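J.:
Residue numbers (our numbering): 3 to 166.
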């Protein structure tokens, strides 16, 4: 458990120091009519990141990761963002209880829902390795390493002993 907490802190620190990256384009949904049109007309999978200005760093980090995901897989899934404070219809219709929440739709139906995104590696692997993105077997990307797979203490020098 300590490794996951440390990993989360390292990712947050990297984001804050690096200023984040906005590589993929993720558009905002502003009202119910716009959402209903997107839901009906979009033929590929739709991802919706539900966020709030009050969310802070967790939403900023997930936003950054979603933007990177869109840059890589934007031809297979279209992502949007919704501010839960401005679009209450979405929170009520989809029972949003926490932010960030990411929901994946296909043909108007929820395929995947992620409410606890403390482990981005898990989200990435579930999304890429599921049949959601319809990768041909020979083109499936390698899974992202899970935070628990790496030892954050491996590169640290041994602790100093008293008297040294």
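The C-beta atom is built at its ideal place from N, Cα and C for all residues, glycine as well.
Quantities reported herein were computed from a predicted structural model and do not represent experimental measurements.
Taking residue 79 as the reference, which of 39, 50 and 115 has the closest Cα?
T.: 50
J.: In whole angstroms, what is the alpha-carbon distance linking residue 25 and residue 45?
T.: For residue 25, the predicted structure reports a pLDDT of 47, less than 50, and the residue's modelled location is therefore unreliable. A value from the coordinates is still provided. Rounded to the nearest angstrom, the two C-alpha atoms are 23 Å apart.
J.: Using a Cβ distance threshold of 8 Å, determine whether the stretch 52-59 contacts the stretch 83-97, with at least three qualifying pairs required.
T.: yes
J.: Would you report the Cα separation of residue 81 and residue 60, rounded to the nearest angstrom?
T.: 18 Å
J.: Can you list, in chain order, the residues of its chain with a C-beta nearer than 6 Å to that of residue 37? Leave out the 5 residues immediately preceding and following it.
T.: Within the same chain, residue 37 has close Cβ partners 31.
J.: Tell me the DSSP secondary structure of residue 29 in three-state form.
T.: DSSP places residue 29 in strand when its eight states are reduced to three.
J.: Note the first and the last residue of the continuous alpha helix (DSSP H) segment covering residue 74.
T.: 59-75
J.: Taking the beta strand (DSSP E) that residue 84 falls in, what are its first and last residues?
T.: 79-85
J.: Can you give me the Cβ contacts of residue 57 inside the same chain, cut-off strictly under 8 Å, excluding the 5 residues immediately before and after it?
T.: Cβ neighbours of residue 57 beyond the five flanking positions: 101 and 102.
J.: Between the Cα of residue 111 and those of 33, 35 and 48, spot the shortest distance and give me the residue it belongs to.
T.: 48
J.: List the endpoints of the continuous alpha helix (DSSP H) containing residue 94.
T.: 90-95
J.: So what's residue 146 in DSSP terms, helix, strand or just coil?
T.: Note that residue 146 scores 47 on pLDDT, short of 50, meaning its location in the model is unreliable; the coordinates nonetheless yield the value given after this. Coil at residue 146, not helix or strand.
J.: Within 10 Å of its beta-carbon, does residue 125 have 16 or more other beta-carbons around it, so buried, or fewer, so exposed?
T.: buried
J.: Which residues mark the beginning and the end of the alpha helix (DSSP H) in which residue 114 is found?
T.: Element bounds for residue 114: not the alpha helix (DSSP H) but the beta strand (DSSP E), 111-116.
J.: Is it true that the CB of residue 104 sits closer than 8 Å to the CB of residue 92?
T.: no
J.: From this set, 118, 129 and 95, which residue's C-alpha is nearest residue 106's C-alpha?
T.: 129
J.: Mind checking whether residue 42 and residue 68 have CB atoms under 8 Å apart?
T.: In this structure, residue 42 sits away from residue 68, with a CB-CB distance that is not shorter than 8 Å.
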